[in-house]
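Notes follow the structure.
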Amino acid sequence: MTERERENSLSLRERGWGEGARPLLLTLFFSLSACIETRSVALTFGTDGEGLDGFMCKDTSGTLLLSRAPTDGKTSLVIDFVKLGGVPGCRTGQLMKWCSAHDCSAIGGKRSCVTVNLPPPSMAREELRAALLNALRAGDPFQATADAPDEFVLVRVVGTTQSCDEVAPGGDALPAFDKSKLVGCAYSCPVLFDKVEQDVYLGFETLTTTCEQGVRICSDGQLQWQP
Amino acid sequence: MFSLALSLVLNAGPKPPGATALGEGKPSVTVVVDGPRAEDTKKTLQSVSLPVELRLTDAPASVGVGATPSPWPEKLAAARRAYVSANFAECLKQLEGDAAAADLLSAGERLLTARLLAWRTACHTGANQPQPARAAATALATFQLALPEDVGSMTPDVESVLARTISTVSAAPLRKVRVESTPSGASVEVDGRPAACTTPCSVDVLAGAHVVRLSADGYSPAWKLVADDAPPAFTLEPASPELAAKQWRARLQHGEALDSEASVRLLSSALRAPRLAVVTSEAAAPKTLRGALAVDGVLTTRAERDGDAEGLVRDLLVRGKVVEEAPPLYQRWPFWLAVGVAAVAAGTTTAIVVGTRQTVTRVELSP
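Right, here's the structure in full:
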């Protein structure tokens, strides 16, 4: 209880109607509590890990970004809720065009981070997808947020070799990702979590395996084109 | 019984022109408080909050229209002395005045009138003026006045003239005189005799001129000398406040109840109070308060309560339509406004509670 609340409470008691107000306040509290709906929504990469293409991108030299991870595969998965200021389309081009005219920054207080051990990159693409999926499913489900934003947002998961501490928000400001340490990225369509009735799918649109540029865009603070 | 010391008047009459008073715009009312609990009632009424303006004033005092002494006893005495001295000219001089007899009769002075006419008969007879002597004797007979004791001081021939004339006039048949007035209901006096009827009515009189006088509470009395061929019609003028007070006090002295219709009406005039309420109680039942309300001099309502002066006055004001009775709660627009506001508030609250049902969504990374 804050000092002001304490003063108010004392003031009510001094006025002699605190006893009468208490049941009223309790009734109001329980009435409002009864109106709170608690839901749970899962973020997935698809049944077979089809949303993991963003974690199998190569740079222009043909090297998997995943190879940036240390030998133990220790990688930070950073989950951001990106506000959109509206409801743009879901395709990459639509998102980039929308974000060129709107504020598409991640919400500072909603960033979360979990450390996972990703598999080594020395295997075929589909095996790697399965290995990534297994690695991600190895741990318990990670709570990205206890209360999703009450607006349309985009969720992205950025893989980076930076530690969770390095990317932890400092106040409302979110530190930018070190582009040289990016491992992968996936994002969702614009979604209103309080209304969505299915799992939210995270994916990555690319027609080629050389998609480091897409990962940079995906991890950018404003989802802008990155040179 | 009425008592000046206990009488209080809560006067809510019209304010003097230009006066500014508390409660401007409220109707004003008059209440006369009388009886054993007058002081308590007065205090109660001074502190009540009513939708009218109440003003306290005393009952009208007994001073007012006073009767001036008549000069006629002295004149008659002088005429008698002149007659005894055979100075008939002086005698007639003392008795001159064309309308003297009518004036005296209109004031109810039948004895003085009889003496005046008898001495005129005597003086004219002594002056050897038989026609004026007969005229005076005829008037005495026509007015049906009793012969005064003064006749014993007159010569036998005067007595003879009087006797003959009275006999002649009295033998003539009576005629009816129709008397009407505006307003009607006035008391009629003929030749100074007590009221014979109230207008409109007819009275039987001997042939000749007669003094017809009308009087009514709240109006100034009026009289006319009515000739044989002129049926009188009167229009009475409202009494002055002083006269109304005198009439009111006369009624009370004759045992009239303070809250009677006539009393309240006269008091309204005396106090110049268009709205007058009288509150009174009796020694036998001091807790029982009686009230009467007159509006524009007309008694409009009565009420009675046990010890509740404020309630009594409220009853009178409502029943007398001086103020409107407060309508039931459900007939007042603020009630329905409050109901509407409450309904809107309840609806809005419900809509807000239902419409803004809070949803907390937990998001898990669950690949």
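Protein chains in written order, with this note's numbering: chain A, 1 to 227; chain B, 1001 to 1367. The beta-carbon is built from N, C-alpha and C at its ideal position, and this holds for glycine as well.
In the DSSP assignment, P1241/B falls within the unbroken alpha helix (DSSP H) covering P1241 to Q1253. Going by beta carbons, L1293/B and E1304/B fall outside the 8 Å limit.
Taking 8 Å as the CB threshold, V1363/B lines the interface with chain A. Annotated three-state conformation of S105/A is coil, per DSSP.
Per DSSP, reduced to three states, the secondary structure at V1048/B is coil, with no helix or strand assignment. Around R39/A, the beta-carbon contacts reaching into chain B at under 8 Å are T1359, V1360, T1361 and R1362.
Assigned with DSSP and collapsed to three states, A1207/B falls in coil, not helix or strand.
In the three-state reduction of the DSSP assignment, R1290/B falls in the strand class, which pools E and B. In this structure, V87/A keeps its C-beta atom at 8 Å or more from the C-beta atom of D199/A. DSSP links F1234/B through a beta bridge to S1181/B. With respect to the 8 Å criterion, D1204/B and K1176/B are classified as neighbours on the basis of their beta carbons.
L66/A and L182/A have their alpha carbons spaced roughly 8 Å apart.
Interface residue (Cβ-Cβ distance to chain A less than 8 Å): V1353/B is classified as such. Chain order gives the chain B residues near I79/A as L1365, where near means a beta carbon separation below 7 Å. Per DSSP, the continuous alpha helix (DSSP H) segment holding V1353/B begins and ends at W1333 to G1355. Across the region 120-138 of chain A, CB contacts with chain B closer than 7 Å involve L133, L136 and R137, in sequence order along the chain. Counting along the chain, the unbroken alpha helix (DSSP H) around A1102/B starts and ends at A1100 to S1106. Interface flag for P70/A against chain B is unset, since no Cβ pair is found closer than 8 Å. Your pair R1134/B and V1161/B checks out as a contact, with CB atoms roughly 7 Å apart and the cut at 8 Å. Looking only at G1208/B, A1262/B, H1210/B and A1227/B, the smallest Cα-Cα distance to A1216/B is reached by A1262/B. Non-local C-beta neighbours of A1233/B in its own chain, meaning closer than 6 Å and more than five positions away in sequence, comprise E1180, ordered along the chain. Straight-line spacing of the CA atoms in L1214/B and F1335/B works out to 58 Å. Of all C-beta pairs linking the region 49-69 of chain A to the region 186-204 of chain A, three or more are shorter than 8 Å, placing the two stretches in contact. Residue burial annotation: A1079/B is buried, with at least 16 other C-beta atoms found within 10 angstroms of its C-beta.
Annotation for N134/A: the continuous alpha helix (DSSP H) segment containing it runs R125 to A138. Distance check between P1073/B and each of P1221/B, D1150/B and R1037/B places D1150/B closest, using alpha-carbon atoms only.
Looking at the DSSP output, L192/A shares a beta bridge with no other residue. Cβ-Cβ separation between D59/A and K83/A: approximately 30 Å, too far for a contact (criterion under 8 Å).
The residues V1052 and V1322, in chain order, have a CB closer than 6 Å to that of P1027/B in the same chain once the five nearest residues on each side in sequence are set aside.
Ranked by Cα distance from D1034/B, the options A1309/B, L1337/B and A1345/B are led by A1309/B. For L1140/B, the closest C-alpha among the options G1126/B, G1192/B, C1091/B and Q1094/B is that of G1192/B. Neighbours of V183/A across chain B, judged by C-beta separation under 9 Å, do not exist; the nearest C-beta is about 15 Å away.
Between T1121/B and F1143/B, the C-beta spacing is not below 8 Å.
Excluding five sequence positions before and after M1154/B, the CB atoms of its chain that fall closer than 6 Å to its own CB belong to A1122, given in chain order. At a beta-carbon threshold of 7 Å, the residues of chain B lying near F193/A are T1361 and V1363, ordered along the chain.
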